[in-house]
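J.: Numbering (my numbering), first residue to last: 191 to 348.
Glycine is no exception: its CB is placed at the ideal position from the N, C-alpha and C atoms.
Here the structure is a predicted model, which is why all the values come from computation and not from measurement.
Handing you this structure, nothing more for now.
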């Protein structure tokens, strides 16, 4: 069964498969053992650049029983499918605007549109924007909606 935690693990796996850490560590200029990809927040001593990803709203956009439809995942009489949409944002923190732009482009290439886990239907680009947040710091956020199917129990009376 696909759950939101499955999505988070799949994002981390996709990040690794696309070697996104390498693009960040090549710009760091130092060897730090602190992670590049941080879930929800980074440690205060994390060197630039790094990326924080956060889960936003998750909602059901479609429900179906799947009975008799061979194109849908196998279901039983008491099981159906929901199509869910979960918002995920990636915020890059870097020393310069060009670094942010380059890294956001790499993230976009890694995650846009292509399904990369079982049940994943689509990735929808929502928005991106950058802002200077200090003398030597920029932040750039890109937001996606990940659309995926999950199996759910139906409320069936016998």
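(1) Can you give the Cα-Cα distance for residue 208 and residue 250, rounded to whole angstroms?
(2) Taking the Cβ atom as the reference point for each residue, do residue 280 and residue 331 lie within a distance shorter than 8 Å?
(3) Quick check on residue 265: does DSSP put it in helix, strand or coil?
(4) According to the Cβ coordinates, are residue 329 and residue 323 closer than 8 Å?
(5) Mind reading off the beta-carbon distance from residue 299 to residue 278? Whole number of angstroms is fine, and I expect it under 8 Å.
(6) Ignore the nearest five residues each way along the sequence and tell me which others in residue 301's own chain have a CB closer than 7 Å to its CB.
(7) Ignore the nearest five residues each way along the sequence and tell me which others in residue 229's own chain have a CB closer than 7 Å to its CB.
(8) Is the separation between the beta-carbon of residue 325 and that of residue 294 shorter than 8 Å?
(9) Which residue wins for smallest C-alpha separation from residue 327, given the options 221, 220, 227, 285?
(10) Would DSSP call residue 276 helix, strand or coil?
(11) Beta-carbon separation of residue 338 and residue 274 under 8 Å?
T.: To lay it out plainly:
(1) 29 Å
(2) In contact: residue 280 and residue 331 (Cβ atoms closer than 8 Å).
(3) With a pLDDT of 48 at residue 265, under the threshold of 50, the predicted position of this residue should be treated as unreliable, though the coordinate-derived value follows. Looking at residue 265 - three-state DSSP - the assignment turns out to be coil, as it is neither helix nor strand.
(4) Cβ atoms of residue 329 and residue 323: closer than 8 Å.
(5) Not confirmed; about 16 Å, so no contact.
(6) 204, 313, 334
(7) 243
(8) no
(9) Cα-wise, what sits closest to residue 327 is 285.
(10) strand
(11) The answer is yes: Cβ separation under 8 Å.
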